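Contents: one structure, followed by commentary.
In this note's numbering, the protein residues as written are 41 to 608.
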């Protein structure tokens with residue numbers, strides 16, 4: 041049937057007009073090829089039949105008839121519609137089982153995908169009918185789309201059991217057919233094979249040979265999943281990782297050179313997860329440089345990767361490249377953090393980084409100043425810390441002396457009233473780390489202590505107690521009265537400040553070097569101490585004597601204090 045009548049039927053079934061339910065039969069019997077296909081795939085068919093069992097049965101019979109039609113397109117649409125039809129489970133299973141072995145590839149594709157529709161409303165019928173086994177058998181189909189549809193259906197149907205089971209036969213068959221799939225399907229197959237673990241060394245190298253071509257792919261999703269699979273099957277052969285990185289390096293650089301933000305971000309984000317890439321990619325650092333027209337998210341990701349590709353030869357160039365972005369509103373935090381990480385490579389990089397921080401510390405933007413102070417904590421990590429970046433590749437230890445100009449800039453930043461109010465914990469941390477380099481650190485400590493007392497935050501006051509002890513270790517004679525006052529107030533609080541005061545007092549019973557190690561700071565000049573017992577220096581004015589006597593029970597019962605004394 042064709043012409044105006046056919047157009048009316050099509051118009052009705054797609055919902056432009058309110059067609060009667062009985063018309064669905066008319067559409068299926070008298071419609072042309074296109075009308076039948078639209079009827080079978082229309083959501084109205086499922087909706088109307090769900091409300092009318094008789095109509096559902098009649099429609100199912102018509103769809104079963106069309107499932108044997110000579111036209112593969114009609115068979116495909118009928119199979120899809122029948123699988124979605126509720127209440128016809130046994131009929132659907134029978135038709136799908138036959139369709140999975142149909143001569144036309146498009147019918148087999150439709151049958152494999154339709155198993156998901158049937159499973160949606162009749163899971164028991166699918167699991168108990170043998171369709172799962174039939175889908176497993178169809179994985180060896182000659183058509184790559186049929187294979188993918190079968191795998192997708194199995195993964196969905198068996199999701200409660202962990203998805204499709206990938207054994208040796210399936211794994212090697214899929215790898216053998218890998219060149220037949222489209223790029224998106226290759227990516228999916230490679231991710232699926234992460235479920236399989238090769239059983240022998242020979243099998244490992246056989247699989248590596250099969251994925252060798254994918255490691256040169258210029259498609260980011262294929263390349264990334266190929267690398268993931270390589271790392272998965274070579275867990276016991278770590279020496280092969282460098283060879284793999286050298287293989288993928290041209291493809292990765294090619295993707296980055298295309299300057300497509302989305303694909304570049306995808307590759308850069310993945311590179312952050314695969315460990316040491318410096319040896320292979322350091323000579324190609326220019327592909328990772330930040331561009332002014334990059335979107336914010338890509339700038340941030342590049343700034344995370346740059347420290348991974350730096351070495352002692354290119355670190356100076358990288359620092360110069362990063363500096364302009366330290367005041368960029370989109371990326372200043374990541375740029376300044378990157379600057380600090382680059383500054384740990386060697387002493388010259390640290391000096392260059394420190395000189396770059398001076399104007400940033402004097403910036404009128406408070407967020408830039410705060411980020412610069414955090415950068416100082418990266419360059420000068422807590423004494424005794426084990427940061428992987430605190431030692432250069434040549435074994436050079438990080439030093440803790442700073443230039444007079446940087447010291448003056450840090451002092452001005454830490455003395456800022458707005459900075460002390462907005463980020464007191466950060467100010468205290470930097471002050472404790474660099475107290476031996478800042479002559480005015482006791483004055484800054486006294487200034488911020490009044491701000492913290494006004495805020496009355498237990499957490500921040502606990503940080504003040506620790507910072508006071510660290511400043512005392514650097515400049516004992518200027519800080520002992522302030523430390524005594526801070527400890528005294530700490531014991532008068534309840535909770536965390538009292539525990540921190542007890543901990544600090546217990547630490548100060550130890551010699552200066554050991555106390556500095558426990559508090560994560562440095563002793564500027566141990567000869568300035570009255571004796572090797574720091575509590576003698578604190579208690580020389582007898583301010584804490586009555587206080588300690590009245591708090592013996594706290595000092596004795598504090599779990600943290602017991603733990604600390606046991607460790608020393």
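Backbone N, C-alpha and C fix where the C-beta goes; we use that ideal spot for every residue, glycine too.
For clarity, every value in this text was computed on a predicted model and none was experimentally measured.
Asked                                                                                                                        : Found
Every unbroken alpha helix (DSSP H) within the stretch 214 to 291, with a cutoff of 4 residues, ordered by chain             : 223 to 232, 241 to 251, 260 to 273
Stretch-stretch touch, CB-based, cutoff 8 Å, three pairs: the stretch 185 to 194 with the stretch 160 to 175                 : yes
Length of the line joining the Cα atoms of residue 260 and residue 303                                                       : 6 Å
CB contact flag (residue 206, residue 218, <9 Å)                                                                             : no
Cα-Cα separation, residue 477 to residue 280                                                                                 : 46 Å
C-beta contact flag for residue 340 and residue 316 at 9 Å                                                                   : no
Assigned exposure category for residue 336 - 16 Cβ within 10 Å defines buried                                                : exposed
Residue 488 - DSSP class collapsed to helix/strand/coil                                                                      : helix
Segment contact, 8 Å Cβ cut-off, at least three pairs: the stretch 234 to 247 with the stretch 283 to 290                    : no
Whole-number beta carbon distance between residue 372 and residue 366, since they are thought to touch under 8 Å             : 6 Å
Every unbroken alpha helix (DSSP H) inside the stretch 127 to 191 [4 residues or more]                                       : 129 to 139, 145 to 161, 163 to 168, 171 to 178
Outcome for residue 224 when other beta-carbon atoms lying within 10 angstroms are tallied against a minimum of 16           : exposed
Local Cβ density within 10 Å of residue 149, reported as buried at 16 or more and exposed below that                         : buried
Per-residue DSSP class, three states only, for residue 365                                                                   : helix
6 Å Cβ shell around residue 262 - same chain, five flanking residues per side excluded                                       : 223, 226, 227, 254
Buried/exposed call for residue 325, threshold 16 Cβ in 10 Å                                                                 : buried
Neighbourhood of residue 499 by C-beta distance below 7 Å, restricted to the same chain and skipping five residues each side : 536
Contact check, residue 551 vs residue 522, beta carbons under 9 Å                                                            : no
Residue 312, buried or exposed, once every other Cβ within 10 Å from all chains shown has been counted against 16            : exposed
Reduced DSSP secondary structure (H/G/I, E/B, other) of residue 446                                                          : helix
DSSP three-state assignment for residue 28, whether helix, strand or coil                                                    : This structure leaves residue 28 out entirely; the chain is present only between 41 and 608.
Nearest candidate by alpha-carbon position, reference residue 241, set 274, 257, 270, 216                                    : 274
Secondary structure of residue 112, DSSP reduced to three states                                                             : helix
Stretch-stretch touch, CB-based, cutoff 8 Å, three pairs: the stretch 461 to 481 with the stretch 403 to 418                 : yes
Rounded separation between residue 294 and residue 321 - CA only                                                             : 13 Å
Terminal residues of the alpha helix (DSSP H) in which residue 419 lies                                                      : 406 to 419
Residue 431 in three-state terms, based on DSSP                                                                              : Legend: pLDDT at residue 431 = 38, less than 50; position of this residue unreliable, value from coordinates given subsequently. Residue state, collapsed to three classes: strand.
Inter-residue Cα distance where the pair is residue 122 and residue 234                                                      : 35 Å
For residue 378, the first and last residue of its enclosing alpha helix (DSSP H)                                            : 372 to 382
Helix, strand or coil at residue 350 [DSSP, three-state]                                                                     : coil
Stretch pair the stretch 118 to 138 + the stretch 156 to 172: three plus CB contacts closer than 8 Å                         : yes
Nearest-angstrom Cα separation, counted from residue 291 out to residue 257                                                  : 7 Å
Expected contact under 8 Å - CB spacing of residue 137 and residue 103 to nearest Å                                          : Actually they are not in contact, since the Cβ atoms of residue 137 and residue 103 sit about 15 Å apart, beyond 8 Å.
Beta strand (DSSP E) segments (min. 3 residues) lying fully within the stretch 510 to 555                                    : none
Whether residue 492 touches residue 530 by CB criterion (9 Å)                                                                : no
6 Å CB neighbourhood of residue 142 in its chain, flanking five on each side removed                                         : 148
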